[in-house]
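Residue numbers (my numbering), protein chains in the order written: chain A, 1 to 138; chain B, 1 to 297. This report refers to the structure that appears directly beneath it.
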Amino acid sequence: MAGNIILEVVTPEKSVVSEEAKIVVAPGSLGEFGVLIGHTPFLSTLKVGSLRYMDANNVERYVFISGGFAEALPGKVTVLAESAERRRDIDLERAKSAMERAQKRLTDVSKKQDVDFMRARIALERALHRLRVAGTRR
Amino acid sequence: MATLKDVQIKIGAVKKTKQITRAMGMVATSKLRGAQQNMDGFRPYAAKFAEVLGSLAEKAGEGASPLLVPREEVKKINIVLCTSDRGLCGGFNVNLITAANKFMKERSEQGLDFSFTNFGKKGRDWCRKNKMEIDSANLGIVGARFGFNVALTAGQKLVDGFLDGTYDEVYVVFSEFISRSKQIPVVKQILPIPPIETAEEEEVDTDKPYQAEHICEPSPAELLGDLLPRHVYVQIYSALLETSTSEHAARMAAMDNATTACNDMINSLTLAYNKARQAAITAQLMDIVGGAEALKG
């Protein structure tokens, strides 16, 4: 590996990550992809999931991403996400309660076609991914 | 001439008012700082977004998404009216509402229908009073802390409404924050999305020319289809941020003026008070002197 690539994760509210990374692996909508330095310019949408990267000190780090898109340039990866949280910033209690709420809504079969149902499914997915990111071991 | 007591009471009242206006001014100042920080936090996202969108739009060509295509016959227009929830901020809300009203007048000769998506209580109250059609009203957002999801929910509704033909055009009326002493109401079209080359977001690093040739996943057209609705949310979010910041700035200015006006009033009242007091003393002296003269006589 010739060097480090700059990773930036920005949300509309703030910049979440801005540091050097050895490798970045992001959840593309057509499948996960990894980016090293010198990558061809590349643009992809992202799905809900976890972005992981190896920082300059060889520590693997995880960031929760709730959809968005990523742009890779030879020296830099920019991730634009609606919301993003580093593992340590994830609010476990909130994610858990969100999961329970979503599950409760989903069990209500009468509203299967409802918009709420779709929303609940997306909410459940988000909550599960948050928990998964938070649960990964160092 | 007002009696001494009257003037004294009045001075007290004005002083109390001054305390309130000054406190409100200080609150507005600190909130303005927070709002400006939010705006600064959003800037990198907006800049990057505009950059990527611009290069994609070029590649995907025109007519790539129904969101870009203007309707031939426009019947119904939705106006997203951003105002503040609370008053005491000078001409802020009036200016915004006037801008919306003027825009409606300009367009109304073609027999168009209007409906409103309100952010802020003042705008909603105006719509109610004038019997406008209100599609949704969102209170407690402008001027407070809010997240991107607010813009997301509202934006989704607008995009859906546009796609199923409920609206043919969507405009947003908001207050653009230019400086602490200047905010101007702006009417901006958000749907159908106007040509993107003229994206007015601020550039972030102009020193680096943008490399346009990307591999896209999925195809550029699909990517664009995914990004365009987000573009609408981004526009709404930025309008809300601008309006919030403007509100605090407007309130700050209004309260500053009010405090100055209070000072002027206190000055002139104190003068009147001193005059009245002096007049009373003089009258008393005249009495004593007059009495003494009479005794001598």
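All C-beta atoms in this analysis are idealised placements derived from N, C-alpha and C, irrespective of residue type, glycine included.
For Cys127(B), the nearest beta carbon of chain A is not closer than 8 Å to its own beta carbon. Asn93(B) and Leu240(B) have their C-alpha atoms spaced approximately 14 Å apart. By the criterion of a C-beta distance shorter than 8 Å, Ile190(B) is surrounded in its chain by Val80, Leu158, Val170, Tyr171, Val172, Val232, Gln235 and Ile236, once the five residues flanking it on both sides are discounted. DSSP, reduced to helix, strand and coil, places Phe114(B) within a strand of the structure shown. Around the CB of Met252(B), 16 or more other CB atoms lie within 10 Å, so the residue is classed as buried. The DSSP-derived three-state label of Asn58(A) is coil. Boundaries of the beta strand (DSSP E) around Ser179(B): Glu169 to Ser179. Secondary structure note for Thr166(B): it is in no alpha helix (DSSP H), with a DSSP letter that is neither H nor E. According to the DSSP assignment, Phe92(B) belongs to the alpha helix (DSSP H) that extends over Phe92 to Ser108. Rounded to whole angstroms, the separation of the alpha carbons of Ala120(A) and Lys104(A) is 9 Å. Contact check for Ile193(B) against Leu228(B) passes: the beta carbons are separated by less than 8 Å. Residues of the stretch 33-66 of chain A that bring their beta carbon within less than 7 Å of a beta carbon in chain B comprise Thr40, Pro41, Phe42, Leu43, Ser44 and Thr45, in sequence order. The count of Cβ pairs closer than 8 Å, one atom from the stretch 6-14 of chain A and one from the stretch 74-93 of chain A, reaches three, so the stretches are in contact. Annotation: Gly3(A) to Pro220(B) spans about 30 Å, alpha carbon to alpha carbon. Take the alpha-carbon of Asp6(B) and the one of Glu242(B): they are about 45 Å apart.
Residues of chain B with a Cβ closer than 8 Å to the Cβ of Glu71(A) are, in chain order, Lys48, Val52 and His214. The DSSP-derived three-state label of Asp135(B) is strand. Secondary-structure assignment with DSSP links Glu71(A) through a beta bridge to Leu43(A) and Thr78(A).
The alpha-carbon of Thr3(B) is positioned some 10 Å away from that of Ala272(B).
With 16 or more other Cβ atoms inside 10 Å of its own Cβ, Lys122(B) counts as buried.
Beta-carbon to beta-carbon, Cys89(B) and Glu217(B) are separated by about 47 Å, too far to satisfy the 8 Å threshold. Beyond the five residues adjoining it in sequence on each side, Ser238(B) comes within less than 7 Å, by CB distance, of Phe42 and Ala46 in the same chain, given in chain order. At least one CB atom of chain B sits nearer than 8 Å to the CB of Gly28(A).
Taking a beta-carbon distance threshold of 8 Å, Pro44(B) counts as an interface residue toward chain A.
Taking Leu128(A) as the centre and dropping the five residues before and after it, the same chain places the C-beta of Met99 closer than 8 Å to its C-beta, in chain order. Only those residues of the stretch 215-232 of chain B whose C-beta falls short of 9 Å from the nearest C-beta of chain A are listed: Ile215, Cys216, Glu217, Pro218, Pro220, Glu222, Leu223, Asp226, Leu227 and Arg230. Within the stretch 122-154 of chain B, contact with chain A at the beta-carbon level (separation under 9 Å) is assigned to Gly147, Phe148, Asn149, Ala151 and Leu152. When the Cα atoms are used, Gly31(A) and Gly68(A) turn out to be separated by approximately 14 Å. With contacts defined as CB atoms closer than 8 Å, Val63(A) and Val16(A) qualify as a contacting pair.
For Thr40(A), the number of other beta carbons within 10 angstroms of its own is below 16, and it is reported as exposed. Taking a Cβ-Cβ threshold of 9 Å, the residues of chain B close to Ser15(A) are Gly41, Pro44 and Tyr45, in chain order.
Counting C-beta pairs closer than 8 Å gives fewer than three between the stretch 146-165 of chain B and the stretch 97-104 of chain B, which falls short of the contact rule. Taking CB atoms only, Val9(A) has no neighbour in chain B less than 8 Å away.
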